[in-house]
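Numbering (this note's numbering), first residue to last: 3 to 386.
By construction, the Cβ of each residue, glycine as well, lies at the ideal position given by its N, Cα and C atoms.
Structure follows, in structure tokens:
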């Protein structure tokens, strides 16, 4: 069975039907009923996926080639992920942690090394954590790509340069009618994994995707056209959900020290530090600390490294010192937001996203208001 065979059969059936009734209009669909057995040597799950892919591809080619054939998505309506499937996250696109574990359990069923791996002491553990961590980042990237199309090249006075946290803050500022440029330039992994290169024309060149490169070029054009009195909010270097396990794995140390963090930055993250220093030529640089929700992790949501609140504080203390030495303002908003919401509601759960390192919309709205209060509406070019 292959696509060519099915397409040929469909075309022949169509010719027969047209001979009977030249005005006939066909409605084609692909059955969602899976195979229960296969004559091949493949597992039935693999054979079923192959069979469905062939039938769906042939159907698409057949429908596209004829104006008198339509397609009804019975296969898609049944096979599409629906709410209630714990293998898929709520956005119905990203695989959940349970889904990852299910797949990895089957993939490495005979490999005792993975079965016995301790979270936080092997690259396997970090991989499992990262797969779930990027789910909300993908949502933020889609929003950032959409928003970049509406931004212009004129100076706004306020610029955001970072990952999904900056993207979510950008959305919150939009909600408060605060004019600004930039936002989520790349995913957190783009900055932590060094998917960028130095660039004399625009400080750095994002290499994560063409969209990221275009977005930064547009934002930098606006930034450089200003008078140098801009406020630049950034979280470059603060991708702790990735950097903390990376440093611990690299040095095989469960508990980090400031000297280890500094050593790792100088070996692996020198470009990130150079970007922060280079941004100073265009205005006041404010390094915005990401929300620290690690101390609220518990049970199977906890990770021996990523969830280590002590390591987070040590890591950030190094960046605070770096900021002070380089005339960069360090802003730590999380504690103030947590305290104010707790005093109002006695419940901080509304601030913490499902992945436990992003905040919710409420968190970023509070952060946006803190930014306005801290720097003043006039400085931020607030739109009336």
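Asked: If we ignore side chains and look at the alpha-carbon of each, how far apart do residue 193 and residue 27 end up?; Found: 53 Å
Asked: Taking the alpha helix (DSSP H) that residue 20 belongs to, which residues open and close that run?; Found: 5 to 22
Asked: Which parts of the region 235 to 290 are runs of the beta strand (DSSP E), unbroken and 3 residues or longer, counting only runs that do not cross its ends?; Found: 285 to 290
Asked: Alpha helix (DSSP H) containing residue 37: first to last residue?; Found: Unbroken run through residue 37: none, as it is neither H nor E.
Asked: If residue 317 sits next to residue 246, beta carbons under 8 Å apart, how far is it from one beta carbon to the other, in whole angstroms?; Found: 6 Å
Asked: Are there 16 or more other CB atoms within 10 angstroms of the CB of residue 82, so buried, or fewer, so exposed?; Found: exposed
Asked: Less than 8 Å between the CB atoms is what I'm expecting for residue 290 and residue 335, so what's the real figure, rounded?; Found: 7 Å
Asked: Roughly how many angstroms separate the alpha carbons of residue 117 and residue 255, rounded to a whole number?; Found: Confidence at residue 117 is low in this model, with a pLDDT of 36, below 50, so the placement of that residue should be treated as unreliable; the coordinate-derived value is given next. When rounded, the distance between both Cα atoms is 21 Å.
Asked: What residues match up with residue 333 in a beta bridge as DSSP calls it?; Found: 290
Asked: Buried or exposed: where does residue 7 fall if 16 or more other Cβ atoms within 10 Å of its Cβ makes it buried?; Found: exposed
Asked: Along the chain, which unbroken stretches of the alpha helix (DSSP H) at least 4 residues long are found entirely within the region 159 to 200?; Found: 166 to 177, 190 to 194
Asked: Does the region 217 to 231 come close enough to the region 172 to 190 to have 3 or more Cβ pairs within less than 8 Å?; Found: yes
Asked: What's the call for residue 311, buried or exposed, on a 16-neighbour Cβ count within 10 Å?; Found: exposed
Asked: Quick one: give me the first and last residue of the alpha helix (DSSP H) that residue 67 is part of.; Found: 46 to 67
Asked: Report, in whole angstroms, the separation of the C-beta atoms of residue 40 and residue 46, which I expect to be a contact under 8 Å.; Found: 5 Å
Asked: Tell me the rounded alpha-carbon separation between residue 4 and residue 13.; Found: 15 Å
Asked: Assuming residue 369 and residue 171 are in contact, meaning their beta carbons sit under 8 Å apart, how far apart are those beta carbons, in whole angstroms?; Found: 6 Å
Asked: Name the two residues that bound the continuous alpha helix (DSSP H) containing residue 365.; Found: 363 to 377
Asked: On a CA-only basis, which of 323, 273, 195, 213 is nearest residue 241? Give me that one, please.; Found: 195
Asked: Thinking residue 388 and residue 239 are a contact (beta carbons under 8 Å), I'd like their distance in whole angstroms, please.; Found: Nothing can be reported for residue 388, as the shown portion of the chain is limited to 3 through 386.
Asked: Could you please give the first and the last residue of the uninterrupted alpha helix (DSSP H) stretch that includes residue 320?; Found: 311 to 327
Asked: Using the DSSP secondary-structure output, state which residues sit across from residue 28 in a beta bridge.; Found: 71
Asked: For residue 221, name the three-state secondary structure that DSSP assigns.; Found: helix
Asked: Measuring CA to CA, which of 52, 223, 30 is closest to residue 158?; Found: 223
Asked: With distances taken Cα to Cα, identify the nearest neighbour of residue 53 among 63, 37, 43, 62.; Found: 37
Asked: Throw me the rounded Cβ distance for the residue 232 and residue 284 pair, which I believe falls under 8 Å.; Found: 6 Å
Asked: Can you look up residue 207 in the DSSP assignment and give me helix, strand or coil?; Found: strand
Asked: Considering only DSSP beta bridges, list what residue 354 is partnered with.; Found: 361
Asked: Our contact map puts residue 340 next to residue 350 with C-beta atoms below 8 Å; I'd like the distance itself, whole angstroms only.; Found: 5 Å
Asked: Please classify residue 48 as buried or exposed, where buried requires at least 16 neighbouring CB atoms within 10 angstroms.; Found: exposed
Asked: Closest to residue 163 by CA distance: which of 378, 278, 359 is it?; Found: 278
Asked: Can you tell which of 258, 181, 226 has its C-alpha closest to the C-alpha of residue 203?; Found: 226
Asked: Using alpha carbons as the reference points, say which of 337, 376, 375 lies closest to residue 365.; Found: 337
Asked: Is residue 244 buried or exposed, if buried means 16 or more other CB atoms sit within 10 Å of its CB?; Found: buried
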